[in-house]
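According to our numbering, the sequence shown is numbered sequentially starting from 445.
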Amino acid sequence: MGNCKYCGQPAGFLRKKHKDCEAAYNKGIEKIHGAIESCLSDNRSINDALEEVRDIAKNSYISEGEFPTVVKRGWEGAVEHAFEDGVLTEEEEQRLSAMAEAIGFDKEELYTNPAYNKLVKGAVIREVLEGKIPERFKVSGALPFNFLKSERLVWVFQSAEYYEMRTYREYVGRSRGFSIRIAKGVYYRTGGFRGRPVETQKMVHVDTGLLGITNSHIYFSGSKKRFRIKYNKIVSFEPFSNGIGVFRDAKTAKPQYFLIDDGWFLYNLVTNLARL
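Here's what the structure looks like:
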């Protein structure tokens with residue numbers, strides 16, 4: 445007879461848990477996440493909120509070993525909650541940062557957490573909307589970009605895929621051909637004509653490299669292509685979930701596409717920097 449993995453009491457023949465214990469456990473996790481999210485907007489101290497979630501854990505069969513992970517997942521949920529209205533306020537940023545410290549994230553763990561990355565990106569967008577040039581992105585080492593004196597780096601995306609829209613032409617409708625006698629000893633083969641031309645456009649991967657965003661340009665540096673695009677030379681931006689399309693103000697300019705892991709951030713960043 446096995447014991448319940450939650451309460452430790454006998455669970456019955458070939459059983460590893462009580463349904464009631466499992467329900468209490470799941471409900472406890474839900475309550476902890478809810479308490480941490482509510483801490484984002486209420487006036488309680490963060491320490492008081494953590495005391496509450498510790499009590500919930502004790503009454504929900506959540507072990508000491510599991511507790512830090514459960515609380516950290518709750519913090520990640522609080523970050524998502526802060527973005528539900530589309531804007532991260534300065535107060536929300538400060539509160540979430542203080543919560544992360546109180547919960548016990550170490551720096552390396554925090555900096556590699558996707559929720560923290562989203563928090564920083566939200567703060568960058570907010571500052572741009574306020575007319576400021578963010579200075580949150582820290583660079584270690586040299587970048588392959590030749591910035592102008594007045595430029596300030598805002599963000600760099602690694603492993604950005606660069607695509608161009610290219611036009612391809614093919615001929616369709618060509619017949620097998622047959623010969624017509626035009627004059628004595630002269631024949632013309634009608635199959636010598638090609639069919640009608642049909643043009644198709646395809647998005648072609650050109651290169652992969654670094655995508656740099658400054659207050660005045662978009663930079664790209666790969667093994668094959670290196671260039672920069674000034675914001676006032678761009679007619680429009682096209683948003684995608686995984687990147688943006690750029691349409692420059694030139695008759696011969698081809699649509700250019702940059703694919704990364706966060707199209708929302710890139711689109712909001714460049715479109716608002718272009719307005720500064």
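No residue lacks a Cβ here, since even glycine has one placed at the ideal position from N, Cα and C.
All values reported here derive from a predicted model rather than from experimental measurement.
Hey, out of the options, whose CA is closest to residue i's CA?
{"i": "Lys471", "options": "Leu458, Lys502, Lys646", "result": "Lys502"}
{"i": "Asp486", "options": "Glu466, Glu535, Ala544", "result": "Glu535"}
{"i": "Pro699", "options": "Trp708, Gly707, Gly689", "result": "Gly689"}
{"i": "Leu713", "options": "Leu597, Val650, Asp464", "result": "Leu597"}
{"i": "Thr533", "options": "Ile569, Ala544, Phe511, Ile500", "result": "Ile569"}
{"i": "Ser507", "options": "Glu608, His661, Lys449", "result": "Lys449"}
{"i": "Phe457", "options": "Trp708, Thr644, Gly446, Gln538", "result": "Gly446"}
{"i": "Arg692", "options": "Val572, Asn686, Arg672, Glu552", "result": "Arg672"}
{"i": "Glu608", "options": "Glu496, Lys669, Thr715, Lys674", "result": "Lys669"}
{"i": "Pro558", "options": "Glu579, Ala694, Arg517", "result": "Arg517"}
{"i": "Ala493", "options": "Tyr663, Glu466, Ala542, Leu720", "result": "Ala542"}
My output table needs one value for residue i: the three-state DSSP class, helix, strand or coil.
{"i": "Thr715", "result": "helix"}
{"i": "Gln700", "result": "strand"}
{"i": "Arg732", "result": "The shown model of the chain, from 445 to 720, leaves out residue 732, and the question about it has no answer."}
{"i": "Ser482", "result": "helix"}
{"i": "His661", "result": "strand"}
{"i": "Leu532", "result": "coil"}
{"i": "Phe511", "result": "helix"}
{"i": "Gly518", "result": "helix"}
{"i": "Ser541", "result": "helix"}
{"i": "Lys475", "result": "helix"}
{"i": "Glu682", "result": "strand"}
{"i": "Phe709", "result": "helix"}
{"i": "Ile688", "result": "strand"}
{"i": "Glu595", "result": "coil"}
{"i": "Leu494", "result": "helix"}
{"i": "Ala468", "result": "helix"}
{"i": "Leu720", "result": "coil"}
{"i": "Ile506", "result": "coil"}
{"i": "Lys461", "result": "coil"}
{"i": "Leu587", "result": "coil"}
Under the rule that 16 or more other beta-carbon atoms within 10 Å means buried, what is residue i, buried or exposed?
{"i": "Glu682", "result": "exposed"}
{"i": "Leu540", "result": "buried"}
{"i": "Tyr606", "result": "buried"}
{"i": "Thr513", "result": "exposed"}
{"i": "Tyr612", "result": "exposed"}
{"i": "Ala526", "result": "buried"}
{"i": "Ala522", "result": "buried"}
DSSP beta-bridge partners for residue i?
{"i": "Val648", "result": "Glu608"}
{"i": "Val600", "result": "Gly656"}
{"i": "Arg672", "result": "Tyr663"}
{"i": "Arg570", "result": "Answer is none; Arg570 lacks a bridge partner."}
{"i": "Gly456", "result": "Gly446"}
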